[in-house]
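Undergrad: Take 0 as the starting number for the sequence shown in numbering that gives the first Met the number 0 and just add one per residue. Quick reminder that beta carbons are idealized off the backbone N, C-alpha and C, glycines included. Before anything else, here's the structure in question.
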Amino acid sequence: MRRATKGKGESKGKGDRVPARGPGLLAQLRNPPGGRNARIMLLALSVDRTGSGLWAASSVLYLTFVTHLSAQQIGVLLGVAGVAGIAGSPLAGRLAGRFPLRPLLIGCHLLRLVTLTLVLLCPGFEALLPVVAATYLGDRAAKTLEMLFATRAAGERRSAYQALSRSAANAGYGVGAGIAAVGLAVGTTDAYRALILGNALSFLVAAVLVWRTGELREATVEVARSAAPGAGSASAAGRAPGRPKSPWRDRGYLRFVLLDIPMNLDDSVLAVGLPLWLVNRTSAPHALVPAFLVINTVLVVVLQLTVSRRAEGPRRTVRTLLLYGGLMFVCCALLAGAVRCGTWTAAAVLLGAAVLVTLAELMRSVSSWELAVLLAPPEARAGYLGVAGMSQSIQKSAGPPLLTGVVMAAGPAGWLVLGTVIAGLAVVQRRSCAQRFRTLAQPVPDRARTAAPVAPE
Numbered sequence: 000m001r002r003a004t005k006g007k008g009e010s011k012g013k014g015d016r017v018p019a020r021g022p023g024l025l026a027q028l029r030n031p032p033g034g035r036n037a038r039i040m041l042l043a044l045s046v047d048r049t050g051s052g053l054w055a056a057s058s059v060l061y062l063t064f065v066t067h068l069s070a071q072q073i074g075v076l077l078g079v080a081g082v083a084g085i086a087g088s089p090l091a092g093r094l095a096g097r098f099p100l101r102p103l104l105i106g107c108h109l110l111r112l113v114t115l116t117l118v119l120l121c122p123g124f125e126a127l128l129p130v131v132a133a134t135y136l137g138d139r140a141a142k143t144l145e146m147l148f149a150t151r152a153a154g155e156r157r158s159a160y161q162a163l164s165r166s167a168a169n170a171g172y173g174v175g176a177g178i179a180a181v182g183l184a185v186g187t188t189d190a191y192r193a194l195i196l197g198n199a200l201s202f203l204v205a206a207v208l209v210w211r212t213g214e215l216r217e218a219t220v221e222v223a224r225s226a227a228p229g230a231g232s233a234s235a236a237g238r239a240p241g242r243p244k245s246p247w248r249d250r251g252y253l254r255f256v257l258l259d260i261p262m263n264l265d266d267s268v269l270a271v272g273l274p275l276w277l278v279n280r281t282s283a284p285h286a287l288v289p290a291f292l293v294i295n296t297v298l299v300v301v302l303q304l305t306v307s308r309r310a311e312g313p314r315r316t317v318r319t320l321l322l323y324g325g326l327m328f329v330c331c332a333l334l335a336g337a338v339r340c341g342t343w344t345a346a347a348v349l350l351g352a353a354v355l356v357t358l359a360e361l362m363r364s365v366s367s368w369e370l371a372v373l374l375a376p377p378e379a380r381a382g383y384l385g386v387a388g389m390s391q392s393i394q395k396s397a398g399p400p401l402l403t404g405v406v407m408a409a410g411p412a413g414w415l416v417l418g419t420v421i422a423g424l425a426v427v428q429r430r431s432c433a434q435r436f437r438t439l440a441q442p443v444p445d446r447a448r449t450a451a452p453v454a455p456e
């Protein structure tokens, strides 16, 4: 049975939509799912990520040459900050279940405005530690709140909104990195300070933009087409009446979050694994390293919308897990083989690996986003998505030491083992999610299936 929707696609079979060719990226940025609120939020997100690009490119050099921290101190500082960031997602989810979303997000932007300004005033390691930790906590909380915004503003078209948000974020990040390159070329203390201040000011602009949006008080609940692969007509909303379970007591959802951590390792492979492997274990030219980020940024901006459109609905979303595992396995195999290649062959192999890990990232962004939403009970979605957001934070803390201390230390065999493990876990995650969908699809007493308010507990 087919049912018309307001989007470009239609429902088909047991919950999936037929991918249709929709308007281009620029047209959808002008008229995104969610209307005016979404358009303003996408602009705020782009401004925020422009500041993030400034920080990513300049923070280590600032801490080295302006505050005179040692490499060990910088490692401890950023490591502790990463751990603090893990708490940001569940904290934001818990607060969003009790308070309006808009002032919470504005608060996160203003918190980072204050802490980044304090970074300029902190003289040493002890003073910087709590300030940078608070910055990372606010950063992860803001990302979770942005995710919740999308589920409320875009409803069932959140996949399209997520694609637009990633394109806007990557474009902003690239602009920030480009501006930072100019400041780093100057290389003076004032130039480093200006870059950090620019990041702080980006949060002020983002807060003003969020203030211009309207408060979102309702979230669209999935309807019958959100059924699982192989299940009948049911939805993730089909949970027994009563007070929503805590995500910390929901073993099925916690299993999804736990398996989602290695499903985010593409981030560390791109940012840490590829550059260090090129420099230390291959004969490829070192000047190739910036090309990895360029390839990633361009492909995400250009392809994210297309990939997301073709992965809508539970059935297609679950399939992307297998694609992710396959792409990561081939990427890791290329990295293992690059050590035996000549200079230019190794360069070509590593560029191919960069393309594959970016394609894997596109698949992961779809699966992690959609499954985190669809597997959560709509009446407790804020708290559940807060817990789901921890997977990225944990990976950012554990991924780099895993790659440098275990995978690369084991040589080419380490990459082959990593690729095999990720591919195997992708299969496990697919089966686990399909089983949870079937469980959620069991018949329940009649309930409203069209929309449900997101009310404070």
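Expressed to the nearest angstrom, what Euclidean distance is found between the alpha-carbon atoms of T134 and A199?
TA: For the purposes of this step, residue 134 is identified with residue 135 of the sequence shown, where counting begins at 1. For the purposes of this step, residue 199 is identified with residue 200 of the sequence shown, where counting begins at 1. Approximately 10 angstroms, taken between the alpha carbons.
Undergrad: Taking contact to mean at least 3 C-beta pairs separated by less than 8 angstroms, is the stretch 124-134 in contact with the stretch 80-99?
TA: yes
Undergrad: If you draw a straight line from the C-alpha of L208 to the C-alpha of R101, how long is it?
TA: In the sequence shown, the residue the question calls residue 208 occupies position 209. In the sequence shown, the residue the question calls residue 101 occupies position 102. Going from the Cα of L208 to the Cα of R101 covers about 11 angstroms.
Undergrad: CB of D265 to nearest heavy atom of the ligand PLP: below 8 angstroms?
TA: Ligands in the displayed structure: none, and consequently the ligand PLP is not present.
Undergrad: Roughly how many angstroms lie between the CA atoms of S392 and R35, to the nearest whole one?
TA: One-based indexing of the sequence shown puts residue 392 at position 393. One-based indexing of the sequence shown puts residue 35 at position 36. Going by the C-alpha atoms only, they are around 30 angstroms apart.
Undergrad: Whose CA, out of L384, P411, W414, G413, lies closest to the CA of G87?
TA: For the purposes of this step, residue 87 is identified with residue 88 of the sequence shown, where counting begins at 1. Comparing Cα positions, the closest option is L384.
Undergrad: Would the beta-carbon of M362 fall within 9 angstroms of that of T319?
TA: In the sequence shown, residue 362 corresponds to position 363, counting from 1. In the sequence shown, residue 319 corresponds to position 320, counting from 1. It is a contact, given that the beta carbons lie within the stated cut-off.
Undergrad: When the Cα of C330 is compared with those of V317, N279, E369, V268, which residue comes out closest?
TA: Stepping through the sequence shown from its first residue, residue 330 is reached at position 331. For the residues V317, N279, E369, V268, the minimum Cα distance to C330 belongs to V268.
Undergrad: Any beta carbon of chain B sitting closer than 9 angstroms to that of A332?
TA: This model lacks chain B altogether; it includes just one protein chain.
Undergrad: Between the alpha carbons of F148 and P284, how many angstroms are there, rounded?
TA: Within the sequence shown, residue 148 is the residue found at index 149, counting from 1. Within the sequence shown, residue 284 is the residue found at index 285, counting from 1. Cα to Cα, the separation comes out at about 43 angstroms.
Undergrad: For the alpha helix (DSSP H) that contains I85, what are its first and last residues?
TA: Here residue 85 refers to the residue found at position 86 of the sequence shown. Counting along the chain, the alpha helix (DSSP H) containing I85 begins and ends at 70-95.
Undergrad: Spatial neighbours of G324 within its chain, please: CB distance less than 8 angstroms, with the 5 preceding and 5 following residues excluded, ordered by chain position.
TA: The residue given as residue 324 occupies position 325 in the sequence shown. Once the five neighbours on either side are set aside, the close Cβ partners of G324 are I421, A422, G423, L424, A425, V426.
Undergrad: Can you give me the start and stop residues for the alpha helix (DSSP H) that F98 sits inside?
TA: Position 99 of the sequence shown, counted from the start, is the residue given in the question as residue 98. Counting along the chain, F98 falls outside any alpha helix (DSSP H), and DSSP gives it neither H nor E.
Undergrad: With distances taken Cα to Cα, identify the nearest neighbour of W54 among A176, G341, R435, L277.
TA: As a first step, residue 54 is located in the sequence shown; it is residue number 55 there, counting from the start. Minimum Cα distance to W54 is reached at A176.
Undergrad: Using beta-carbon positions only, say whether L163 and L68 come within less than 9 angstroms of one another.
TA: The residue labelled residue 163 in the question sits at position 164 within the sequence shown. The residue labelled residue 68 in the question sits at position 69 within the sequence shown. No, the pair does not count as a contact, with Cβ atoms beyond the cut-off.
Undergrad: Given a threshold of 16 other Cβ atoms within 10 Å of its Cβ, counted over all protein chains shown, does G237 qualify as buried or as exposed?
TA: Residue mapping note: residue 237 aligns to position 238 of the sequence shown, counting from 1. Confidence is the limiting factor: at G237 the pLDDT is only 39, short of 50, which leaves the residue's position unreliable, though a coordinate-based value still follows. Counting C-beta atoms within 10 angstroms of its own C-beta, G237 has 16 or more neighbours from the protein chains shown and is therefore classed as buried.
Undergrad: Helix, strand or coil: which one does DSSP assign to P411?
TA: Here residue 411 is taken as the residue at index 412 of the sequence shown, counted from 1. DSSP places P411 in helix when its eight states are reduced to three.
Undergrad: Using the rule of at least 16 other Cβ atoms within 10 Å of the residue's Cβ for burial, across every protein chain shown, is L120 buried or exposed?
TA: Working through the sequence shown from its first residue, we reach residue 120 at position 121. Per the 10 Å Cβ criterion, exposed.
Undergrad: Would you grab the beta carbon distance between A206 and H108 for me? Rounded to a whole angstrom, and I think it's under 8 angstroms.
TA: By one-based count along the sequence shown, residue 206 stands at place 207. By one-based count along the sequence shown, residue 108 stands at place 109. Right, the Cβ-Cβ distance comes to about 4 angstroms (below 8 angstroms), so this counts as a contact.
Undergrad: Mind checking whether T66 and L127 have CB atoms under 9 angstroms apart?
TA: For the purposes of this step, residue 66 is taken as the residue at position 67 of the sequence shown. For the purposes of this step, residue 127 is taken as the residue at position 128 of the sequence shown. A Cβ-Cβ contact shorter than 9 angstroms links T66 with L127.
Undergrad: What are the start and end residues of the alpha helix (DSSP H) that includes G186?
TA: Translated into positions along the sequence shown, residue 186 becomes position 187. First-last for G186: undefined, no H or E at that position.
Undergrad: Taking C-beta to C-beta, are P32 and A190 nearer than 9 angstroms?
TA: Here residue 32 refers to the residue found at position 33 of the sequence shown. Here residue 190 refers to the residue found at position 191 of the sequence shown. No. Outside cutoff.
Undergrad: Taking all protein chains shown into account, do 16 or more other C-beta atoms lie within 10 angstroms of the C-beta of G123, making it buried, or fewer, making it exposed?
TA: Locating residue 123 in the sequence shown gives position 124, counting from the first residue. Exposed, since its Cβ has fewer than 16 Cβ neighbours within 10 Å.
Undergrad: Whether or not the stretch 355-375 and the stretch 302-316 are in contact is what I'm after, with contact meaning three or more pairs of Cβ atoms, one per stretch, closer than 8 angstroms; do they touch?
TA: Contact holds: three or more Cβ-Cβ distances are below 8 angstroms.
Undergrad: Helix, strand or coil for T344, going by three-state DSSP, please let me know.
TA: Locating residue 344 in the sequence shown gives position 345, where the first residue counts as 1. In this structure, T344 counts as helix in the three-state DSSP scheme.
Undergrad: So for A375, helix, strand or coil by DSSP?
TA: In the sequence shown, the residue the question calls residue 375 occupies position 376. The answer is coil: DSSP assigns A375 none of H, G, I, E or B.
Undergrad: Check whether the stretch 427-438 touches the stretch 341-350, taking contact to mean three or more Cβ pairs, one atom from each stretch, closer than 8 angstroms.
TA: no
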